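Only one structure is covered here, and it is reproduced in the block below.
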Amino acid sequence: MNVGIFLNYIGLGSNLLHLSYCHEIAKKYGPVTIITICKNLDQALEDDPNIKEVVKIEKNKRISDILSISKNLKKLLLKKIFIFYPSPRLFLAAKLARIKEIYKYPLFKKKNLHLINTARKFTCESLNIDFCPTETKFFVSNEKINNAKKFFDKDLYN
5 MNVGIFLNYI
15 GLGSNLLHLS
25 YCHEIAKKYG
35 PVTIITICKN
45 LDQALEDDPN
55 IKEVVKIEKN
65 KRISDILSIS
75 KNLKKLLLKK
85 IFIFYPSPRL
95 FLAAKLARIK
105 EIYKYPLFKK
115 KNLHLINTAR
125 KFTCESLNID
135 FCPTETKFFV
145 SNEKINNAKK
155 FFDKDLYN
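For the sequence shown, my numbering begins at 5 and goes up steadily by one.
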């Protein structure tokens, strides 16, 4: 099943804070597609088996961006989408892309939005589960680990 997760955050850190929730969704539906405006999230997640792909889109703060977002979402052929942001624009874009199941933060509730607590509550409610871990697990290939070890195994003091 094609499942998408929309993370509307610019910074790598904010996106990675949501990774444990992405993993919970992937645990239920299989590898997921992450849609983001973060420029380097794909590099951080390239070895993650729970992430099918990372799709980067442009910033989307204008009403006129709804059509371009919708067009990009439609190309992904998603059946479900989880929108981790209280945005009517993103909701409308998903509707226009004809995505059947749209899970979203409550619209217009940006004030006092706690990044972790809100995401955990949203994930638990959307997946109908009682508990969702907040600890993020990173996946790095053995090849990359071995390449990095080459730099640290050298005796630098001789």
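Note that CB positions come from ideal geometry on N, CA and C, so glycine has one too. Treat the numbers as computed from the prediction; the structure is a model and nothing was measured.
Which of helix, strand or coil DSSP assigns to residue i
i: I41; result: coil
i: I55; result: strand
i: H22; result: coil
Cross-strand partners of residue i (DSSP beta bridge)
i: K163; result: In the structure as shown, the chain starts at 5 and stops at 162, and residue 163 therefore has no counterpart that could be examined.
i: F10; result: I39 and I87
Residue i to residue j span [Cα, whole Å]
i: I29; j: V36; result: 8 Å
i: E139; j: L82; result: 27 Å
i: T127; j: N151; result: 36 Å
i: R66; j: K78; result: 19 Å
i: S91; j: L111; result: 6 Å
i: E62; j: K141; result: 27 Å
i: K52; j: K99; result: It should be noted that the sequence gives Asp, not Lys, for residue 52. Near 29 Å, if we compare the C-alpha coordinates of K99 and D52.
i: N146; j: K153; result: 10 Å
i: K208; j: L16; result: Because residue 208 is not part of the residues shown, which for the chain are 5 to 162, the question remains open.
i: V58; j: L49; result: 8 Å
i: F95; j: H118; result: 20 Å
i: D134; j: E105; result: 21 Å
i: N121; j: F155; result: 39 Å
i: F143; j: Y25; result: 15 Å
i: Y107; j: I149; result: 37 Å
i: I103; j: N19; result: 23 Å
Cβ distance (whole Å) where residue i is taken to contact residue j below 8 Å
i: L45; j: I38; result: 7 Å
i: S72; j: A101; result: Not quite, the Cβ-Cβ distance comes to about 11 Å (not below 8 Å), so this is no contact.
i: L23; j: F88; result: In fact, because the Cβ distance is near 11 Å, the residues do not count as touching under 8 Å.
In chain order, which continuous runs of the beta strand (DSSP E) of length 3 or greater are located wholly inside the segment 90–162?
Whole beta strand (DSSP E) segments, 3+ residues: 105–108.
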